[in-house]
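Down below is the structure, laid out as structure tokens.
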Amino acid sequence: MSTKVEILEFTKDLSPFFKEINLPWVEGLFSVEPVDQAQFDHPEEVIIGKGGTIIFVKIGENIAGTVALQKVEDGVFEMIKMGVKPEFQGHGLGRVLGETIIERAKELGGHKLVLYSNTKLKTALNLYEKLGFQSVVPEDGKYCRCDVKMEMDIGSR
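Per UniProt numbering, residue 1 is the first one in the sequence shown, and the count goes up by one each step.
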């Protein structure tokens, strides 16, 4: 991609893009759970206010993708809501978002990063493995749609 790729930190002005980018794939493949709705409607309160962060990738003048970190407990973060708009997929932006959010987790004092996904999302699972995540047994009941849990020790990366 020859256009400039830029990482942006969350601002109130960017907040609508978090929902705009993620809601279509969640609705299209699964159903919106109450936790999703809270994250979409109140990201500053539910994610950032509790010790997490949200970043965006911008291509030219377009916000093309986003990903967030939700603080689970001291030193442990969950990577949530990674999405890239369909017209920007296939250009490595997911990898840029993933690598950047891993660094953010370390900057926030993280030593472990977890994520939950679904076997339907083969491209995403492949990316997560390339980023260094490893599959572990998921606990029951975390999210209705998730049948995959992955973890990464970021303390030694």
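Think of the CB as a built atom: it goes at the ideal place given N, C-alpha and C, for glycine as much as any other residue.
Remember, it's a predicted structure, so these values are computed and weren't measured experimentally.
Around the beta carbon of residue 3, a 10 Å sphere encloses fewer than 16 other beta carbons of the protein chains shown; the residue is thus reported as exposed.
The continuous alpha helix (DSSP H) containing residue 15 extends over residues 15-29. For residue 48, there is no enclosing alpha helix (DSSP H), as DSSP gives it neither H nor E. The alpha-carbon of residue 116 is positioned some 6 Å away from that of residue 148.
For the 8 Å CB-CB criterion, residue 113 and residue 82 do not form a contact. Inter-residue distance for residue 86 and residue 64 is about 9 Å (C-alpha atoms, whole angstroms).
Closest in alpha carbon position to residue 45, among 71, 136, 97, is 71.
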